[in-house]
Structure formats: structure tokens, C-alpha cells
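Participant:
Numbering (this note's numbering), first residue to last: 251 to 555.
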């Protein structure tokens, strides 16, 4: 396994990935999540595919510790497809992990326990924590899915998951930094907002060493992240507007079609009644004309009789 994170050059970095690329900070985050007390960063093995992009899926951080393979992902916008993405990624990781084993023998091949976590800090309201399930994406609902993958999604915006933040100072200070950038960006240009947030946080001891040692890169990445976040917000707003308009149009169309259908049913029943056709015969005619069950025909005739 590789000892250092493989940096994919054609992927934009994030402040979260930059921050937790360091083993000491990553171990701090793991301990906070799992209520553990590992104290040797060297016990943690960073593992990544030589080409971390597979079918355009990219995992932020993956590492081995105590027979667990942890896949951590940072998301600035809600993505319900994370279980599917992680399924593809973990399959490739396990394929690499077991490359010296044979899975066709009678001996059980042991693998690390997979753990999936998404750290969400987008601006759309999300719960403190939630479980995203692969089975939610199945085209047909099943009571006992034979294939399942669960992803723990944690809201790490400032003010959320206080207990976790208290256990992980780095995560708490990252949350404070992002919150400050967004606050200033509401009343000034993003470049100025980031500069001010970095300067103030450094002075106040918030991610001070990290921000001072990588100031230029952090500023550049933060500006990109914020602009990307704004662009995604516009796209989602446009999708919502178009979806709403399509929904209204579809609703009108369905309403007209439903009204025509009900008018035909009512006209048939009333005509039969005026001509002296019995209730039972009317039910039979409606059943034959509309291709519905006996019970449905009786209900419709009774409604208009």
C-alpha cells in the first residue's frame, strides 16, 4: 500500500482534503468518530488507487487502520448517490487489496471491514447525521436487500454535531473557517472575503499553522470551492424551477385527461339510467367498455347512479 496520498493532478483539491492529508490530523478525526484512542499516526496506512478516478468516481481519503478500510468523502452539496459511488470505489480497492490472493479457492479470503463517511458542509439544510443506503436507489423496493451499502453522512457546518467537534479540534476549526468565509462573502467579493478569513483565523489561532504555512494555496482553493458551490446552487435552482414548471404542465395535462375520463364514465352511467338499463347491466357495460374489474365498475356506477 502507498504511504502517501496520491494526488490526482486533474482534480481540483479542497481545503478539507488538504487539511486531513496529514496522518496526525486524520488519526484525530478517526478517533473522534469512533471514540477510540489510537496515538500512533504510523499505524494508519493511506491507501488509494494509482489512478483514483474510475468511471469518474473519486474518493477523497481512504486508509487502513485496525483491519478497517475507511472511505472518507467531503461534500459541499448533497449527493444521494454516495452509496453507489462508494460501492464502485470499494470494489476497486478490494480488488487491489486481494490481488495476491485467489478468491476461487476453498480458503476464505479475509478483507478489512469497510466504513463509509461523508462530511457534508453545504448550504442546503441537512440533518445532524443520516444514513444513505444503496437500497434507496433500487428501482424496486425490497424488504431484505441482498446487496446493501450504508454511508454515514455528517453535517459539519458550524454549530452542528457539537460532540464530534469537541472531540476533534481540527474539524471544529475547519468548520469555523468555512463559516467565516461564507459570512464575509455575503458582503464583499469572494477574494477579499477569503483573505480576511485566513488573516483573522491565523491571528485567532484557528487552523493557524495550516493557514500560515499554506496560505497561498488555501486562498486559491477556497475561492475555487466557493465559486463552485455558488455555481452548483444556481444549477440546482434552475433544475428546481424547470422541474416545477414541468410538474405544473404535467399536472394540468393529467387533470384534463382525468376530467375527460370521469366525464365519459358519468355520461355512460347517466345515459344507461335514462334509457332504463338496470344497475347490473350498466355495471356490465362499464366493465366491458373500460376494461376494469367488477368491483371498480360497481363503485363507478354507484357514484354516478
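All C-beta atoms in this analysis are idealised placements derived from N, C-alpha and C, irrespective of residue type, glycine included. On a predicted model such as this, the values are computed, not experimentally measured, just so you know.
1) DSSP three-state label for residue 252, please.
2) So what's residue 399 in DSSP terms, helix, strand or just coil?
3) Whose CA, out of 520, 332, 313, 296, lies closest to the CA of residue 402?
4) Along the chain, where does the beta strand (DSSP E) containing residue 379 start, and where does it finish?
5) Whole angstroms are fine: how far does the CA of residue 543 sit from the CA of residue 314?
6) Closer than 8 Å by C-beta to residue 229: which residues in its own chain qualify, once you throw out the five before and the five after it? Chain order, please.
7) Alpha helix (DSSP H) containing residue 319: first to last residue?
8) Using three-state DSSP, classify residue 330 as helix, strand or coil.
9) Is the Cβ-Cβ distance between residue 266 and residue 324 less than 8 Å?
10) Helix, strand or coil for residue 301, going by three-state DSSP, please let me know.
11) Pick helix, strand or coil for residue 286, following the three-state DSSP scheme.
12) Assuming residue 326 contacts residue 475 under a Cβ cut-off of 8 Å, what Cβ separation, rounded to an integer in Å, is found between them?
13) With a threshold of 16 other CB atoms inside 10 Å of the CB of residue 358, please say whether the residue is buried or exposed.
14) Near residue 384, which residues of its chain fall below 8 Å by C-beta distance, leaving aside the five closest residues on each side in sequence?
15) Using CA atoms only, rank isn't needed, just tell me which of 534, 516, 284, 269 is closest to residue 413.
16) Comparing C-alpha positions only, which one of 527, 389, 458 sits nearest to residue 422?
17) I'd like the list of long-range same chain contacts for residue 529, defined as Cβ closer than 7 Å, with 5 residues on each side in sequence excluded.
18) Measure the Cβ-Cβ separation of residue 381 and residue 364 and say whether it is below 8 Å.
19) Where do the ends of the alpha helix (DSSP H) carrying residue 269 lie?
20) If residue 406 sits next to residue 440, beta carbons under 8 Å apart, how far is it from one beta carbon to the other, in whole angstroms?
21) Can you check whether the CB of residue 447 is closer than 8 Å to the CB of residue 419?
22) Please list, in chain order, all residues of the same chain as residue 362 whose beta carbon is under 8 Å from its beta carbon, the five residues on each side excluded.
23) Whole-angstrom Cβ separation of residue 329 and residue 378, contact assumed at under 8 Å?
24) Which residue or residues does DSSP assign as beta-bridge partners of residue 562?
25) How would you write the range of the alpha helix (DSSP H) that residue 421 sits in, first residue to last?
26) So what does residue 368 bridge to, in DSSP terms?
27) Out of curiosity, what's the CA-to-CA distance linking residue 549 and residue 515?
28) With the cut-off set at 8 Å, would you say residue 369 and residue 344 are in Cβ contact?
Facilitator: Reading it off the structure:
1) Reliability fails at residue 252, whose pLDDT of 38 lies under 50, so the model's placement of it is uncertain and the value that follows must be treated cautiously. Of the three classes helix, strand and coil, the one that applies to residue 252 here is coil, per DSSP.
2) coil
3) Of 520, 332, 313, 296, the residue nearest in Cα terms is 332.
4) 379 to 383
5) 60 Å
6) Outside the displayed range of the chain (251 to 555) lies residue 229, so it cannot be described from this structure.
7) From DSSP, residue 319 is part of no alpha helix (DSSP H) but of the beta strand (DSSP E) over 318 to 325.
8) coil
9) yes
10) Because the pLDDT of residue 301 is 49, which lies under 50, any placement of that residue in the model is unreliable, and the number read from its coordinates should be weighed accordingly. In the structure shown, residue 301 sits in coil (DSSP, three-state: anything other than H, G, I, E or B).
11) coil
12) 7 Å
13) Exposed is the call here.
14) 333, 334, 337, 395, 397, 398, 399, 400
15) Closest in alpha carbon position to residue 413, among 534, 516, 284, 269, is 284.
16) 458
17) 551, 555
18) No.
19) 265 to 269
20) Contact flag wrong, Cβ pair sits at about 21 Å.
21) no
22) When the five nearest sequence neighbours on each side are left out, the beta carbons in the same chain lying within less than 8 Å of the beta carbon of residue 362 are those of 314, 317, 318, 319, 347, in order along the chain.
23) Incorrect: roughly 18 Å between the Cβ atoms, too far for contact.
24) Shown here, the chain extends from 251 to 555; a query on residue 562 therefore has no answer.
25) 419 to 435
26) Residue 368 pairs with 323, 403.
27) If you take the alpha carbons of residue 549 and residue 515, they lie about 11 Å apart.
28) no
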